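Protein chains in written order, with my numbering: chain A, 1 to 356; chain B, 1001 to 1356. See below for the structure under consideration.
There are 2 protein chains.
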Amino acid sequence: MNRSRATLGEVAGRAGVSPMTASYTYNRPERVSEEARAKVLAAAAELGYAGPDAKARSLRRGSSRTVGVVLGEQLSYAFEDPGAAAFLSGVARVCAAAGYGVTILPITGAADDARRIHETSADGFIVWTTVDGDPVLSAVVASGRPGVVHGGPATEGLALVGIDDAAAARQVGLVAFAGARRPAVLSFPLDRRRIAGVVRGPATTAARVPFPVTRDRLRGYRTAARARGHSWSDVVVSVCARNDADEAERAARSLLSGPHRPDAIAAMGDELAGGVMRAARTLGVRVPQDLAVTGWDDSRRARELKLTTVAQSLAEQGAACADFVLGAEPARDFSAAWTVVERGSTAANAARRPRT
Amino acid sequence: MNRSRATLGEVAGRAGVSPMTASYTYNRPERVSEEARAKVLAAAAELGYAGPDAKARSLRRGSSRTVGVVLGEQLSYAFEDPGAAAFLSGVARVCAAAGYGVTILPITGAADDARRIHETSADGFIVWTTVDGDPVLSAVVASGRPGVVHGGPATEGLALVGIDDAAAARQVGLVAFAGARRPAVLSFPLDRRRIAGVVRGPATTAARVPFPVTRDRLRGYRTAARARGHSWSDVVVSVCARNDADEAERAARSLLSGPHRPDAIAAMGDELAGGVMRAARTLGVRVPQDLAVTGWDDSRRARELKLTTVAQSLAEQGAACADFVLGAEPARDFSAAWTVVERGSTAANAARRPRT
DNA sequence: CTGTTAGCGCTTTCAT
DNA sequence: ATGAAAGCGCTAACAG
């Protein structure tokens, strides 16, 4: 049997119809008589023809029916992040419903990232987790195809989807730091190098934090810390290389065993916060009496651990990105909903407690 | 500025060269004089031309330079599984190195799954986590493009990559069940319905377990249980809907609190085994004295928890699948390496201990 | 090093 | 309901 080497024209020939009738059989079955359709399908079966070639279709239609998702990370990191998984499943749901495929474009950091954008036949792009000045952003703009950035940076020519991270960080930070004497932050990486370690507020100025999401959250925590009477310079910021409970546990153990034991830790992810909870339990530190903990994302984990956290739907944001690229949504920025969910990892009514 | 609407022909015209010179400028720069190249690039810049159109290229070259990865799951499940992440990162590494993109094709379970295969312009397919008789498998074969299945089912016309799950399960099962009086198994789902719950051996006959990996592992555990003097009918098999520590913890707590408390649990994933360890700690059950635990995959988690486990490299297997689709590897099945790593979650020298 | 020709396989457009 | 013509944008093959 010919391994699908047959063309639509050959199928038409064998069926004794014109190429157009064969084409309609696959694309507009309702426009073809029952009889012609049967002949075409029979001929196709005989020739082992599995359907119109997608590459030729793409060229002719001017559309590949594919959306490119640019992951600003090595794939191993991207898939380790539950947030990325949720986001992608939102993207995939919308794309599948519209008959679109999803092409993954991991960033290598090398100079050929931009070329990879141009060499992809996707009809549009969604960019996840990137940094200020990423050449990929201008490549997407230059490609002339629609693009959305999730979480920033805001880019001329691209739509932006995300939440107001600074506002959310401020609000959850107010809860975390209420009544605290030594607030601390457990942060995502500041840049692509993903260097873990402890810094203090001043090292987190905007210019040094190219990841927009991380930067905005740090800014929000800073506002909260100040509102609770602390100088940002005194706030310890422990950076984790990834959104991983085990790494966070080690970092938290180190903080909690040190000379200036924090009594409040605001973490940028529920995974990180979960690690803090484990470290606290191991060290006999009571939550929330001795230590307030907050997370981010309101994942399953947060519910189980009764974590105070920021609730947002990354799946919905992924869907919004896909809607935009597919043109179903207006081409404007989309600021998604978020709320702070207060649970047992912070003191009740902490938001309303007076500062120390 | 024209949003990349210009064609290569127009660029050539403006540069005063033939289309082929323009084409060579992008595809074989070394064949073009410095001067011509400069003229072409200048014209391209003026016209906002970002490079040759990928859709036209794909048609002309007969290749989209893209590999399709079929995930036999809803995307949210697939990305929650650390094994899938490792596998995909192996696929992506090889593809990126070869200049290929990766298109994700989540299975919906609906009748249009096969059509989605045909409508994708990928040059070949990698199928992850599917079940016996999945129509997707015959669709891949019918597409006439190369295909590999990871973990089975073995399919005429497709290559197969994976480990000998039955042999590995047997070997790790011998360690887990050494000296045990009441061995139990914590299993992955038996089929796509992902029904969680407790069954016994007889309900795990091949005919009822369409997931080949799960089926083969159950078979291996059965062999091990019998070798340790147990009837498979007496072995409790607790099925988890997903490879998730929290779900496993609940399942294990239920088993360990019940009337026939197991003293050995072989789990099909390190995440599941981690949940068992947590349940044991909570209930004051000592590992390995009161309970032997084994996992699968030798993940970071396994090392941290000192789990006896099956070590395999899913990233390497993903790479092997990609190599095959890209034609770099011989078109034959690839049985990957595995070993059982013994750690503290089972008794020392358990493999050599006499049966009870 | 550069150019000419031809056509990848399909579907839009417009007729019948 | 069916068909004829045209060409999507590019590059393989083969000159020069």
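Each residue gets a CB set at the ideal place from its N, CA and C atoms; glycine is no exception. Every value quoted in this text rests on a predicted model; they were computed, and no experiment measured them.
Which of helix, strand or coil DSSP assigns to residue i
{"i": "Ile-1126 of chain B", "result": "strand"}
{"i": "Phe-334 of chain A", "result": "strand"}
{"i": "Leu-439 of chain A", "result": "Limits of chain A in this structure are 1 at one end and 356 at the other, which puts residue 439 of chain A out of reach."}
{"i": "Asp-270 of chain A", "result": "helix"}
{"i": "Asp-1297 of chain B", "result": "strand"}
{"i": "Leu-1071 of chain B", "result": "strand"}
{"i": "Ile-104 of chain A", "result": "strand"}
{"i": "Gly-1157 of chain B", "result": "coil"}
{"i": "Ile-411 of chain A", "result": "This structure cannot settle anything about residue 411 of chain A, because the visible part of chain A is limited to 1 through 356."}
{"i": "Arg-15 of chain A", "result": "Correcting the residue identity first, residue 15 of chain A is Ala in this sequence and not Arg. DSSP places Ala-15 of chain A in helix when its eight states are reduced to three."}
{"i": "Arg-217 of chain A", "result": "helix"}
{"i": "Arg-1222 of chain B", "result": "helix"}
{"i": "Ser-292 of chain A", "result": "Position check: residue 292 of chain A holds Ala in this sequence, whereas Ser was assumed. It is a strand residue."}
{"i": "His-1230 of chain B", "result": "coil"}
{"i": "Leu-186 of chain A", "result": "strand"}
{"i": "His-1260 of chain B", "result": "coil"}
{"i": "Ile-1265 of chain B", "result": "strand"}
{"i": "Thr-1339 of chain B", "result": "strand"}
{"i": "Ser-33 of chain A", "result": "coil"}
{"i": "Gly-173 of chain A", "result": "helix"}
{"i": "Gly-327 of chain A", "result": "coil"}
{"i": "Met-1020 of chain B", "result": "helix"}
{"i": "Gly-109 of chain A", "result": "coil"}
{"i": "Gly-147 of chain A", "result": "strand"}
For residue i, the nearest candidate out of the options (CA to CA)
{"i": "Val-1149 of chain B", "options": "B:Ala-1252, B:Phe-1087, B:Ala-1111, B:Tyr-1221", "result": "B:Phe-1087"}
{"i": "Val-235 of chain A", "options": "A:His-260, A:Arg-215, A:Ala-248, A:Ser-254", "result": "A:His-260"}
{"i": "Gln-171 of chain A", "options": "A:Trp-232, A:Ser-345, A:Val-341, A:Ala-348", "result": "A:Val-341"}
{"i": "Ser-121 of chain A", "options": "A:Val-127, A:Arg-65, A:Val-161, A:Val-141", "result": "A:Arg-65"}
{"i": "Thr-205 of chain A", "options": "A:Val-237, A:Arg-253, A:Asp-134, A:Gln-317", "result": "A:Val-237"}
{"i": "Arg-1343 of chain B", "options": "B:Phe-1334, B:Ala-1337, B:Gln-1317, B:Trp-1296", "result": "B:Trp-1296"}
{"i": "Phe-211 of chain A", "options": "A:Asp-165, A:Leu-255, A:Ala-56", "result": "A:Asp-165"}
{"i": "Arg-101 of chain A", "options": "A:Gly-48, A:Phe-125, A:Ala-84", "result": "A quick correction: the sequence has Gly, not Arg, at residue 101 of chain A. Of the candidates A:Gly-48, A:Phe-125, A:Ala-84, the one whose C-alpha sits nearest the C-alpha of Gly-101 of chain A is A:Phe-125."}
{"i": "Val-1127 of chain B", "options": "B:Gly-1162, B:Ala-1241, B:Arg-1278", "result": "B:Gly-1162"}
{"i": "Val-1185 of chain B", "options": "B:Ile-1107, B:Thr-1103, B:Gly-1201", "result": "B:Gly-1201"}
{"i": "Asp-244 of chain A", "options": "A:Arg-278, A:Ser-257, A:Val-199", "result": "A:Arg-278"}
{"i": "Val-239 of chain A", "options": "A:Lys-306, A:Ala-196, A:Val-287, A:Glu-34", "result": "A:Ala-196"}
{"i": "Met-268 of chain A", "options": "A:Gln-312, A:Arg-217, A:Arg-182", "result": "A:Arg-217"}
{"i": "Val-1067 of chain B", "options": "B:Leu-1158, B:Ala-1227, B:Leu-1314, B:Thr-1103", "result": "B:Thr-1103"}
{"i": "Arg-192 of chain A", "options": "A:Gln-312, A:Ala-302, A:Ile-107", "result": "A:Ile-107"}
{"i": "Val-1325 of chain B", "options": "B:Thr-1130, B:Arg-1037, B:Gly-1144", "result": "B:Gly-1144"}
{"i": "Arg-1242 of chain B", "options": "B:Leu-1158, B:Ala-1178, B:Gln-1074", "result": "B:Gln-1074"}
{"i": "Leu-272 of chain A", "options": "A:Ala-251, A:Ala-56, A:Gly-173, A:Arg-61", "result": "A:Ala-251"}
{"i": "Ala-225 of chain A", "options": "A:Ile-265, A:Leu-255, A:Val-209", "result": "A:Ile-265"}
{"i": "Ser-1257 of chain B", "options": "B:Gly-1083, B:Asp-1246, B:Leu-1283", "result": "B:Leu-1283"}
Whole-number beta carbon distance between residue j and residue i, since they are thought to touch under 8 Å
{"i": "Leu-1105 of chain B", "j": "Pro-1052 of chain B", "result": "The Cβ separation is near 26 Å, so there is no contact."}
{"i": "Ala-320 of chain A", "j": "Arg-93 of chain A", "result": "Contact flag wrong, Cβ pair sits at about 12 Å."}
{"i": "Glu-1249 of chain B", "j": "Gly-1275 of chain B", "result": "4 Å"}
{"i": "Pro-1153 of chain B", "j": "Asp-1123 of chain B", "result": "Wrong, their Cβ atoms sit about 23 Å apart, outside the cutoff."}
{"i": "Asp-1270 of chain B", "j": "Thr-1309 of chain B", "result": "6 Å"}
Pairwise C-alpha distance: residue j and residue i
{"i": "Gly-1016 of chain B", "j": "Lys-1039 of chain B", "result": "8 Å"}
{"i": "Glu-1080 of chain B", "j": "Ser-1063 of chain B", "result": "32 Å"}
{"i": "Gly-1147 of chain B", "j": "Arg-1116 of chain B", "result": "15 Å"}
{"i": "Ala-1012 of chain B", "j": "Leu-1041 of chain B", "result": "10 Å"}
{"i": "Pro-189 of chain A", "j": "Gly-90 of chain A", "result": "24 Å"}
{"i": "Asp-333 of chain A", "j": "Leu-160 of chain A", "result": "5 Å"}
{"i": "Glu-119 of chain A", "j": "Ser-1076 of chain B", "result": "28 Å"}
{"i": "Ala-97 of chain A", "j": "Ala-1110 of chain B", "result": "11 Å"}
{"i": "Val-1069 of chain B", "j": "Ser-1299 of chain B", "result": "23 Å"}
{"i": "Leu-47 of chain A", "j": "Asn-27 of chain A", "result": "19 Å"}
{"i": "Ala-1203 of chain B", "j": "Arg-31 of chain A", "result": "50 Å"}
{"i": "Met-1020 of chain B", "j": "Leu-71 of chain A", "result": "34 Å"}
{"i": "Val-1213 of chain B", "j": "Ala-1168 of chain B", "result": "11 Å"}
{"i": "Tyr-49 of chain A", "j": "Ala-6 of chain A", "result": "6 Å"}
{"i": "Ala-45 of chain A", "j": "Leu-158 of chain A", "result": "45 Å"}
{"i": "Ala-85 of chain A", "j": "Ser-33 of chain A", "result": "45 Å"}
Beta-carbon contacts of residue i that lie in its chain and below 6 Å, excluding the five residues immediately before and after
{"i": "Leu-291 of chain A", "result": "Asp-263, Ala-280, Val-285"}
{"i": "Ala-114 of chain A", "result": "Pro-135, Ala-139"}
{"i": "Ala-36 of chain A", "result": "Val-17, Thr-21"}
Own chain residues within Cβ distance below 7 Å of residue i, not counting five before or after
{"i": "Glu-316 of chain A", "result": "Gly-90, Ala-336"}
{"i": "Gln-1289 of chain B", "result": "none"}
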